[in-house]
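J.: So the sequences go chain by chain: W and X.
120 is the number that this note's numbering gives the last residue of the first sequence; the numbers go up by one with no jumps.
114 is the number that this note's numbering gives the last residue of the second sequence; the numbers go up by one with no jumps.
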Amino acid sequence: DTAVSQTPKYLVTQMGNDKSIKCEQNLGHDTMYWYKQDSKKFLKIMFSYNNKELIINETVPNRFSPKSPDKAHLNLHINSLELGDSAVYFCASSQSQGNTEAFFGQGTRLTVV
Amino acid sequence: GENVEQHPSTLSVQEGDSAVIKCTYSDSASNYFPWYKQELGKRPQLIIDIRSNVGEKKDQRIAVTLNKTAKHFSLHITETQPEDSAVYFCAASPGNTPLVFGKGTRLSVIA
Numbered sequence: 008d009t010a011v012s013q014t015p016k017y018l019v020t021q022m023g024n025d026k027s028i029k030c031e032q033n034l035g036h037d038t039m040y041w042y043k044q045d046s047k048k049f050l051k052i053m054f055s056y057n058n059k060e061l062i063i064n065e066t067v068p069n070r071f072s073p074k075s076p077d078k079a080h081l082n083l084h085i086n087s088l089e090l091g092d093s094a095v096y097f098c099a100s101s102q103s104q105g106n107t108e109a110f111f112g113q114g115t116r117l118t119v120v
Numbered sequence: 004g005e006n007v008e009q010h011p012s013t014l015s016v017q018e019g020d021s022a023v024i025k026c027t028y029s030d031s032a033s034n035y036f037p038w039y040k041q042e043l044g045k046r047p048q049l050i051i052d053i054r055s056n057v058g059e060k061k062d063q064r065i066a067v068t069l070n071k072t073a074k075h076f077s078l079h080i081t082e083t084q085p086e087d088s089a090v091y092f093c094a095a096s097p098g099n100t101p102l103v104f105g106k107g108t109r110l111s112v113i114a
C-alpha cells in the first residue's frame, strides 16, 4: 500500500489550459502539503492544510487553488497554466504541522508547452 | 519565518571517504531537524532526524549533529558507497509551520 499517492505522475499540457493533480494519504495524518520542486531542485512549500483547513498559503499565484474534501485528500487545481509552472509538484503528509516526518508522494512532473 | 541555508551545493567524494553537509537555520524556536535523501526521479525520503534536546544521533554510517547555540546542524556519512549518490536536503521547523528545506546538496560518490 502506498502511503501518499498522487496522480498523474506525468502531465504535459499547453499554455492556458487548466489541470488538476490529485493526492491521497492512507496514514491517518492530520496535515497535508503541496511542495513545488523547480529545475534547480529547490523544494518550496506552497500550501499546508490541517484537518481540511488551509493553514498556510505561501506567495503562490491565485491561479493555484488547493481543495481538501476530507483530511485524507488534498488536490491541486491550476488555472491558465504558464510556462513557468513547469516543475515537479510533491504532495506530502505528516502527523502534525512541521515537527514530525513528512511523507512525500511520488511527485507529478508538469510540463507546460 | 524560518530560513535554512545549506552548503555545499555539490560534493564529490571517493568511495570509502566521508561526506559532510552543513546547514544553518534562522529561527531559534526551531526544534525539529530532518534530513532527506532524493534519488534521481524519486521522492524525498527521510534518512535521519534530530530534535533540539539532542546534540548528536547516529544510524549506522549516518550521523547528524546539532549546535543550538550556533544554529547549525550537519550530516555526516562515513564509508561512502556509490548508492549514497543523491541529492540531500536538510530542513527545520519550529513545530507550527511546515518544514522549510535547504536548497539541497548533490552528492556524487566516485567508485
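Ideal Cβ positions, reconstructed from N, Cα and C, are used throughout, including at glycine.
Predicted model, so just to flag it, every value in this text is computed and none were measured.
Measuring straight from C-alpha to C-alpha, what distance separates N82(W) and C93(X)?
T.: Taking the first residue of the first sequence as 1, we reach residue 82(W) at position 75. Taking the first residue of the second sequence as 1, we reach residue 93(X) at position 90. Approximately 26 Å, taken between the alpha carbons.
J.: Please state if the CB of V103(X) and the CB of G4(X) are separated by a distance shorter than 9 Å.
T.: Residue numbering aside, residue 4(X) sits at position 1 when the second sequence is read from its first letter. Residue numbering aside, residue 103(X) sits at position 100 when the second sequence is read from its first letter. Contact flag set, yes.
J.: The beta strand (DSSP E) that contains A94(X), what's its start and end?
T.: As a position in the second sequence, residue 94(X) is number 91, starting the count at 1. Looking at the DSSP string, the run of the beta strand (DSSP E) that includes A94(X) is A89 to A95.
J.: For D52(X), report the span of its beta strand (DSSP E) as first-last.
T.: The residue given as residue 52(X) occupies position 49 in the second sequence. D52(X) -> beta strand (DSSP E) spans Q48 to R54.
J.: At a Cβ cut of 7 Å, what residues of the stretch 100–118 of chain W count as close to chain X, listed as they run along the chain?
T.: From the stretch 100–118 of chain W, only Q104, G105, N106, E108, A109, F111, G112, Q113 and G114 have a Cβ closer than 7 Å to chain X.
J.: Give the residues of chain W in contact with V90(X), contact being defined as C-beta atoms less than 9 Å apart.
T.: Numbered from its first residue, the second sequence carries residue 90(X) at position 87. Residues of chain W passing the Cβ test: K48.
J.: Could one say the Cβ of K106(X) lies closer than 9 Å to chain W's Cβ atoms, at least one of them?
T.: Position 103 of the second sequence, counted from the start, is the residue given in the question as residue 106(X). Interface residue, yes.
J.: Assuming D77(W) is part of the beta strand (DSSP E), what are its boundary residues?
T.: Sequence index remark: in the first sequence, residue 77(W) carries index 70 (1-based). Start and end: F71 to D77.
J.: Where does E8(X) fall in DSSP's three states?
T.: Against the second sequence, residue 8(X) aligns to sequence position 5. If DSSP states are grouped into helix, strand and coil, E8(X) belongs with the strands.
J.: What number of angstroms, rounded off, separates the C-alpha of F49(W) from the C-alpha of S111(X)?
T.: As a position in the first sequence, residue 49(W) is number 42, starting the count at 1. As a position in the second sequence, residue 111(X) is number 108, starting the count at 1. If I take the Cα positions, the gap works out to 18 Å.
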